[in-house]
Every structure is written in structure tokens, then in C-alpha cells.
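Have a look at the structure below before the remarks.
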Amino acid sequence: MLIHPQIDPIALQIGPLAIHWYGLTYLAAFGLFFFLATLRLRHEPYASITGPGAWSRRDIEDILFLGVMGVVIGGRIGYCLFYKPGYYLSHPLEIFAVWQGGMSFHGGMLGVLASQLWFARSRNRPWLQVMDFIAPCVPTGLAAGRVGNFINGELWGRFSSPDLPWGMVFKDSGSMLPRHPSQVYQFLMEGLLLFVLLWLYARKPRKMGQVSGAFLFGYGVFRFIAEFFREPDEFLGILALGMSMGQWLCVPMIVGGAWLWAWASKRT
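Residue 1 is where the sequence shown starts when you use the numbering used here, and the numbers rise one by one after that.
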């Protein structure tokens with residue numbers, strides 16, 4: 001049985017300035033995205049597009065800026081709507097209190113979709129072409145975020161068998177019984193494994209929409225599986241059909257991803 005090391009969430013402090021590990025994981029996520037997106041410019045069809053529609057590093061900078069805005073705004077609004085709608089309806093000003101915590105991946109994803117729709121229209125490009133471009137560059141950022149979750153000792157897993165070699169005690173959970181280190185599971189599945197599969201898939205020319213569909217389906221499936229090991233939010237618990245809120249939010253991703261991939265496959 002392992003014990004979570006309870007790492008100091010502050011990586012570096014200089015006087016009143018404190019740099020948190022979680023903030024550094026966000027920086028790592030954005031840096032990895034920029035690096036991978038630069039490599040993605042060499043992939044088809046982007047490498048062959050010329051003229052006014054040609055892709056460049058400037059496009060990546062704009063996509064990243066808009067994506068960050070989409071993640072922050074969408075993630076916060078999504079958390080308020082999906083997880084605590086009643087509370088934030090009664091305390092609307094606390095929606096802006098992002099320092100208190102509370103972000104939703106699914107809300108952040110919707111924010112990114114909206115921000116990239118704006119980018120596509122401003123560049124007169126097909127929206128799905130833009131989404132296909134960025135999809136393989138996202139999983140490493142998700143992996144970085146799970147590292148931050150583990151360092152903070154948050155989003156721990158459900159109770160595990162005492163015989164599980166990697167079962168871990170998270171003292172902040174209020175229990176000294178071993179749990180699944182679900183942050184590590186999500187790091188491996190939604191982060192590394194999804195990145196490898198999607199990157200290899202996207203390296204070859206695909207029909208517009210197939211890469212985006214593969215991302216939605218792949219993330220939805222891996223997150224759905226991980227939720228069986230992740231402790232549900234205390235204020236929500238297990239919902240209908242024995243599924244968590246995270247699993248219910250993944251259902252439309254899985255269905256939508258499969259439909260998008262099939263629809264794109266039939267396009268000429």
C-alpha cells in the first residue's frame with residue numbers, strides 16, 4: 001500500500017509571489033500543444049494548402065490564445081452548469097471566483113469548440129478542418145493536467161482492494177484506506193494512450209471530420225472507463241443507471257464521435 005506524498009502545491013515562492021505546480025502543468029500543456037501543432041503543419045492536408053488558406057505558425061498562436069480563453073471560460077461555466085447549477089443560481093457572483101476551484105473538462109471542450117468556430121469563420125476555413133488540426137495536439141495537455149491533479153492530491157479514486165500493489169492512501173480524502181490512483185489512470189489513458197493512437201491515425205490523410213470524430217470517441221471511451229475507478233463528486237454521488245456525472249457527460253461524446261466519424265467516412 002502506497003501513501004500519497006502530499007507534495008507542496010507551491011513549486012516556487014519568491015517573496016509574495018507563489019508559483020503553483022498546477023499552474024506549471026497548464027504552461028506545460030500549452031507549450032506541448034504549440035510544439036505538436038508546429039509538427040502538425042507538416043501533415044496532410046495542411047502541408048499542401050497554399051495561397052490565402054495556407055496554414056502558418058501565426059495560425060497556431062491564434063488558435064492557442066483562443067483555445068486558452070475557451071478552456072478557462074467554458075470550463076468554469078460548464079462546472080457551474082453541470083455540477084452545481086442550483087448553488088450558482090443562488091450565488092451568481094461566485095461564478096467569477098475561479099480561485100475557489102471548479103473546472104469542467106466537458107465545459108472547457110465546449111468553450112474550445114466555440115472559440116475555434118470563431119477562428120474558422122474569421123479565416124474562412126472549414127470548422128472541421130480546424131478541429132482535425134488541433135485534435136491530436138490536445139491529449140498531452142490533458143495528461144499534464146492529470147499530473148497537476150496528482151500533485152495536488154485531488155480527484156482521487158474509489159476504494160481499492162488492500163492487495164492492489166499500487167493502491168494509494170490519500171490523506172486528504174479523510175480515509176486511511178487505499179484507493180485507486182485514478183489520476184494516474186487518466187494520465188495513461190486519456191493522455192498518453194489517446195495521444196499515441198490519435199497522432200498515428202492523423203499522420204495519414206483522412207477525410208475531414210474523421211480525426212475529430214476519433215478524438216471525441218476515444219476520449220469519451222477512456223474517460224468513461226476511468227470513471228469506474230474515480231471517486232464521484234461528494235455532492236452528486238452516483239446518478240441514474242449507476243453512472244457518475246462524468247460518465248453521463250461522456251455518453252454524447254461517444255455517440256457524437258462515432259456518428260461524426262461515420263458521417264465523414266461517407267463523404268466524397
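The C-beta atom is built at its ideal place from N, Cα and C for all residues, glycine as well.
Residue i, buried or exposed, once every other Cβ within 10 Å from all chains shown has been counted against 16
i: Ile60; result: buried
i: Gln116; result: buried
i: Ala202; result: buried
i: Phe96; result: exposed
Collapsed DSSP secondary structure at residue i in the structure displayed
i: Met243; result: coil
i: Ile225; result: helix
i: Arg230; result: strand
i: Ile309; result: Because the chain in this structure spans residues 1 to 268, residue 309 falls outside the shown range and cannot be described.
i: Tyr83; result: coil
i: Ser55; result: The sequence as given places Trp at residue 55; Ser does not occur at that position. Three-state result, Trp55: coil.
i: Met103; result: coil
Residue i - partner residues in DSSP beta bridges
i: His20; result: Ile10
i: Arg179; result: Phe159 and Met168
i: Leu128; result: In the DSSP output, where bridge partners are listed per residue, Leu128 has none listed.
Reference residue i, options the options, closest by Cα
i: Val112; options: Leu66, Tyr219 and Phe150; result: Leu66
i: Ser212; options: Glu190, Val251, Ala258 and Ile3; result: Ala258
i: Gly246; options: Ala264, Phe82, Gln129 and Phe150; result: Phe82
i: Leu194; options: Gly220, Gln129, Leu249 and His180; result: Gly220
i: His20; options: Leu93, Ile151 and Ile134; result: Ile151
i: Arg123; options: Ala54, Asp172 and Asp8; result: Ala54
i: Leu24; options: Met253, Gly51, Leu93 and Val147; result: Val147
i: Gly174; options: Phe187, Lys204 and Gly153; result: Gly153
i: Leu177; options: Ile14, Leu164, Ala240 and Gly237; result: Leu164
Short Cβ contact (9 Å threshold) for residue i with residue j
i: Gly157; j: Gly108; result: no
i: Met168; j: Leu2; result: yes
i: Ala264; j: Gly209; result: yes
i: Leu142; j: Phe105; result: yes
i: Ala135; j: Leu198; result: yes
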